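Using my numbering, you'd call the opening residue of the sequence shown number 1 and step up by one each time.
Beta carbons are placed, not taken as given, at the ideal position from N, Cα and C, and that holds for glycine.
Quick caveat, the model's predicted, so the values are computed rather than measured.
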Amino acid sequence: MDPAIPAARRALLEALREPEVSRSGLDEAVRAAGATRPGPRSGEIDALVAELARLQELGASERRLVVARALRVVSALAATAEPAAPGPTDRPRPRRRADRKSPPVAQGPVDALPGIGPAAAAALGSRGIRTVEELAALVPRTWDDRRSVCPIGSLAAGARAVVRGTVVQSRWVGRGRFEALIEDGTGRLELVFFRAYPGHAERFAPGKALVASGDVTEYRGLQMIHPDVEREEADCTAVLRNGRIVPVYTEIAGVGSRVLERAVSRAVSVVLPGLVDGLPPALAARRGLMGQREALAMLHEPPGDLSIDGLAALRAGKSPAHRRLAYDEFFFLSLGIHRRRQAARRLTAPPLTGGAAEIARLRSLLPFAMTAAQERVLSEITGDLERGEPMQRLLQGDVGSGKTVVALATIVKVAASGGQAALMVPTEILAEQHLRALRPLLERLGYRAVLLTGSQRTGRRREGRRALELGSAQLGVGTHALLSEGVEFQRLGLAIVDEQHRFGVAQRLRLLQKGGSPHLLVMTATPIPRTLALTVYGDLDLSVIDQMPPGREPVDTRVVGGRRIEEVLEFVGRALARGERGYYICPLVSESEALDLAAATERHVLLDQRFGSHGVALLHGQMRPEEKEAAMAAFVEGRERLLVSTTVVEVGIDVPQASFMVIEGAERFGLSQLHQLRGRVGRGSLAAKCLLVTGSGGEPLDRLRRFVQAKDGFAVAELDLSIRGPGELYGLRQSGLAGFRFGDLLRDVDLLQVAREDAAEILREHPDLAGPALEATREVLASRWPVTGEPVGEEAG
Numbered sequence: 001m002d003p004a005i006p007a008a009r010r011a012l013l014e015a016l017r018e019p020e021v022s023r024s025g026l027d028e029a030v031r032a033a034g035a036t037r038p039g040p041r042s043g044e045i046d047a048l049v050a051e052l053a054r055l056q057e058l059g060a061s062e063r064r065l066v067v068a069r070a071l072r073v074v075s076a077l078a079a080t081a082e083p084a085a086p087g088p089t090d091r092p093r094p095r096r097r098a099d100r101k102s103p104p105v106a107q108g109p110v111d112a113l114p115g116i117g118p119a120a121a122a123a124l125g126s127r128g129i130r131t132v133e134e135l136a137a138l139v140p141r142t143w144d145d146r147r148s149v150c151p152i153g154s155l156a157a158g159a160r161a162v163v164r165g166t167v168v169q170s171r172w173v174g175r176g177r178f179e180a181l182i183e184d185g186t187g188r189l190e191l192v193f194f195r196a197y198p199g200h201a202e203r204f205a206p207g208k209a210l211v212a213s214g215d216v217t218e219y220r221g222l223q224m225i226h227p228d229v230e231r232e233e234a235d236c237t238a239v240l241r242n243g244r245i246v247p248v249y250t251e252i253a254g255v256g257s258r259v260l261e262r263a264v265s266r267a268v269s270v271v272l273p274g275l276v277d278g279l280p281p282a283l284a285a286r287r288g289l290m291g292q293r294e295a296l297a298m299l300h301e302p303p304g305d306l307s308i309d310g311l312a313a314l315r316a317g318k319s320p321a322h323r324r325l326a327y328d329e330f331f332f333l334s335l336g337i338h339r340r341r342q343a344a345r346r347l348t349a350p351p352l353t354g355g356a357a358e359i360a361r362l363r364s365l366l367p368f369a370m371t372a373a374q375e376r377v378l379s380e381i382t383g384d385l386e387r388g389e390p391m392q393r394l395l396q397g398d399v400g401s402g403k404t405v406v407a408l409a410t411i412v413k414v415a416a417s418g419g420q421a422a423l424m425v426p427t428e429i430l431a432e433q434h435l436r437a438l439r440p441l442l443e444r445l446g447y448r449a450v451l452l453t454g455s456q457r458t459g460r461r462r463e464g465r466r467a468l469e470l471g472s473a474q475l476g477v478g479t480h481a482l483l484s485e486g487v488e489f490q491r492l493g494l495a496i497v498d499e500q501h502r503f504g505v506a507q508r509l510r511l512l513q514k515g516g517s518p519h520l521l522v523m524t525a526t527p528i529p530r531t532l533a534l535t536v537y538g539d540l541d542l543s544v545i546d547q548m549p550p551g552r553e554p555v556d557t558r559v560v561g562g563r564r565i566e567e568v569l570e571f572v573g574r575a576l577a578r579g580e581r582g583y584y585i586c587p588l589v590s591e592s593e594a595l596d597l598a599a600a601t602e603r604h605v606l607l608d609q610r611f612g613s614h615g616v617a618l619l620h621g622q623m624r625p626e627e628k629e630a631a632m633a634a635f636v637e638g639r640e641r642l643l644v645s646t647t648v649v650e651v652g653i654d655v656p657q658a659s660f661m662v663i664e665g666a667e668r669f670g671l672s673q674l675h676q677l678r679g680r681v682g683r684g685s686l687a688a689k690c691l692l693v694t695g696s697g698g699e700p701l702d703r704l705r706r707f708v709q710a711k712d713g714f715a716v717a718e719l720d721l722s723i724r725g726p727g728e729l730y731g732l733r734q735s736g737l738a739g740f741r742f743g744d745l746l747r748d749v750d751l752l753q754v755a756r757e758d759a760a761e762i763l764r765e766h767p768d769l770a771g772p773a774l775e776a777t778r779e780v781l782a783s784r785w786p787v788t789g790e791p792v793g794e795e796a797g
């Protein structure tokens, strides 16, 4: 082996032992080492030499990353030096797959990184990590402090420590269990592995020096169970991982923890040099934010002199690095939303000033008076429609608050002004119910409504499309089928998206493209706390129906243990004997629709055997339209009084006579989803009851008990947010917010508010973000908000 390679390796190792990693001459050492092994790595070594030449210009964390990367490359050179000469019968060995890889780039595929093969890339892809850049944004779960080596003699059970020692003895104990005893002159410590592999015997041969870190336990002496172990000196990662603060990443099935750590480190070193900091420098200075490169480097390689308080802040997600990177996400999300709103306001739409008489007649046809909250919201919508720009409004209202009536009045106003409306809903069952509810009232006012769904018979679908295209139908009610290329409106004036959390921004835009500049009304019965609503739907004006119809009482909700299922069935039997109607919701057994369907079918058979005389219907999403319609009709008309269903009844189903619900496996549902389900009962004069059946204890049971105390949707949303976090709250994933990598909408709510205000201020001063000072801002915004209007990158998840 050429002496330049071990010389460079020693220099890099020594540099990494220094707190500031400030050694000079490393570039020349690496250049000399690289010259001895020209080949596929030459370009990579040249890039490393250039980075090492300007090492003093970098921060300490960035310096450590560059040197660590150089050490890995030089170590690889050492491993390939002086290959054995092939024998006379040996065939040339094919080049390894890793050697055939193109050099990794930030936007390139993650499998360009050494050590990431097809299987690991697929595993990372399942977690939304497909590019090198996305891997560099993987935030550590926590950080392990390995800066001080503890004498074994000073260890105590319960501590987490790093020790250095020599193997005294090692042995296999039974099948798969391996034990190694190490000592350091102050004491002895046993290392225990329950899932050992044959290589452990060689790795822990007596006399081997090693560094181990982990939790100290006591069982016939002090032990570490499955510690993180490195051979001292022989493995360069022993120096890289121990004696410093080590990032610990969430385990990803299919990717070894060490492979993941090395891949992330390499990804960061690839991304950092070309990272564009889009935050205006003056704004960053005013907010006291550190540089973006420094922040990313600090997360993956905290400085060796970080204080105890600094480490605590890092672990709590409140470090300066977290704050900077979270602010960056919030700022560009807010900037994109504000820009989208600006673009919408530049559009024009004909003022719709008619419809007052028709709405007055609609009120006279309703069997109830609209609440003050409904009237207020309708007035807000009417004001939007009568302006010369398209309405962009979000309507929030709890389950049963009367959003559909407000939407109907809006449809009537548009139709009376000569326009058409499209009402898009997430399920065919809901579309069919809306049509049944709205069609009679619209026909009495002289308007026609048609249905469009994916499973309709060809003739009926063609007839509905034709009516919308010719303008003979004023309302099209449907699912995603409304977005099909063959669906055209003669004069679409209003697009309504019901249960907005089920749709993405792109789908919303596709519906709007069916007309010139139609008005938009999006509705949700899953209230989102106001702070989040301003972010999720920041390009929309917000209306809230905060009043329930008179006489609507909260549903009596109770938690019942799974072992008391017989009591639950007796409750159902008594309710049916009284002539009441209700739902039996089957548990979610998996992510497979087929398995959920099987569970519902089995439960229906058992309930039908017991309560068949009262009529037991089955409803699920895989049924044909005519089967769904028949099941719903039988339940609505009272011929079948118990409806066994999957969660297809979650939204929109309105049967006022239904007075009870049983939700089996309630712990498997989100709280907002439970609230939606619960909202299907209690819509009539009878007192309503909902039983949450669960076999779980502990935290899931506590979560259900807290849900019982939350009586309205806003309280449930706040509770769901505090328990599961914004990434799980309904609506955020479809709106592009569940994938925040650095920000936490619950933890960083103050930062979100500041970023939103800063984005609005910049756009007030620079509406087009023009000028050289904002060039980087424009570049980053364009990468995160393409012309589709949908956020990508970190915000897209």
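Original post:
Under the rule that 16 or more other beta-carbon atoms within 10 Å means buried, what is R10, buried or exposed?
Top reply: exposed
Original post:
Looking at L191 and A180, is the spacing between their C-beta atoms short of 8 Å?
Top reply: yes
Original post:
Would you call E699 buried or exposed, if buried means 16 or more other Cβ atoms sit within 10 Å of its Cβ?
Top reply: exposed
Subject >> Best match in S401, S364 and L745 for proximity to D546 [C-alpha to C-alpha] >> reply: S401
Original post:
Within the chosen definition, does the region 421-431 reach the region 376-384 through at least 3 CB pairs nearer than 8 Å?
Top reply: no
Original post:
Just how far apart, CA to CA, sit D2 and I116?
Top reply: 29 Å
Original post:
Nearest to K413 by CA position, among R387, G464, I359 and L745, is which residue?
Top reply: I359
**OP:** Under the assumption that A112 contacts V271 (Cβ atoms under 8 Å), give the Cβ distance between them as a whole number of angstroms.
**Re:** Actually they are not in contact, since the Cβ atoms of A112 and V271 sit about 12 Å apart, beyond 8 Å.
Original post:
If you run the structure through DSSP and keep just helix, strand and coil, what is S401?
Top reply: coil
**OP:** List the endpoints of the continuous alpha helix (DSSP H) containing K628.
**Re:** P625 to E637
Subject >> Which listed residue (L451, A755, P767 and E667) has its alpha carbon closest to that of L482 >> reply: L451
Subject >> Whole-angstrom distance between P104 and A53, CA atom to CA atom >> reply: 21 Å
Original post:
Roughly how far, in whole angstroms, is the beta-carbon of G278 from the beta-carbon of V780, given that I think they are within contact range, below 8 Å?
Top reply: 3 Å
Subject >> At least 3 beta-carbon pairs within less than 8 Å: the region 304-324 vs the region 336-350 >> reply: no
**OP:** Indicate the three-state DSSP secondary structure (helix, strand or coil) for I528 in the structure shown.
**Re:** coil
**OP:** Pick helix, strand or coil for R63, following the three-state DSSP scheme.
**Re:** helix
Original post:
V636 to M661, Cα distance in whole Å?
Top reply: 15 Å
**OP:** Report yes or no: do three or more beta-carbon pairs, one from the region 557-573 and one from the region 681-699, lie closer than 8 Å?
**Re:** yes
**OP:** Inspect the beta-carbon positions of G582 and A658 and report whether they are closer than 8 Å.
**Re:** yes
**OP:** Excluding the 5 residues preceding and the 5 following G684 in the sequence, name in chain order all residues of the same chain whose CB lies nearer than 6 Å to its CB.
**Re:** P656 and Q657
Original post:
Looking only at its own chain, which residues have a Cβ that is under 7 Å from the Cβ of R705, when we skip the five neighbours before and after it?
Top reply: V559
Original post:
With distances taken between CB atoms, is the gap from V248 to D144 smaller than 8 Å?
Top reply: yes
Original post:
Between the C-alpha atoms of G214 and L283, what's the straight-line distance to the nearest angstrom?
Top reply: 43 Å
**OP:** Note the first and the last residue of the continuous alpha helix (DSSP H) segment covering D277.
**Re:** Where D277 is concerned, there is no enclosing alpha helix (DSSP H), given that its DSSP letter is neither H nor E.
**OP:** Below 7 Å CB to CB, which residues in the same chain sit around L306 once its five sequence neighbours on both sides are set aside?
**Re:** I245
Original post:
Does DSSP classify H519 as helix, strand or coil?
Top reply: strand
Subject >> Helix, strand or coil at T453 [DSSP, three-state] >> reply: coil
Subject >> Extent of the continuous beta strand (DSSP E) run through I585 >> reply: R581 to I585
Subject >> D758 to D27 span [Cα, whole Å] >> reply: 42 Å
Original post:
Quick one, are the C-beta atoms of A35 and V74 less than 8 Å apart?
Top reply: no
Subject >> Limits of the beta strand (DSSP E) - the one that F707 falls within >> reply: First-last for F707: G698 to Q709, but that is the alpha helix (DSSP H), not the beta strand (DSSP E).
Original post:
Going by Cα to Cα distance, which pick from M290, V268, L677 and H480 is closest to A297?
Top reply: V268
Original post:
From which residue to which residue does the beta strand (DSSP E) around R558 run?
Top reply: D556 to G561
Original post:
Counting pairs of Cβ atoms below 8 Å between the region 667-677 and the region 710-724, do you hit three or more?
Top reply: yes
Original post:
What residues are listed by DSSP as bridge partners for S543?
Top reply: L395
Original post:
Excluding sequence positions up to five away, which residues of its chain have a Cβ less than 8 Å from the Cβ of F503?
Top reply: M424, P426, V497 and Q734
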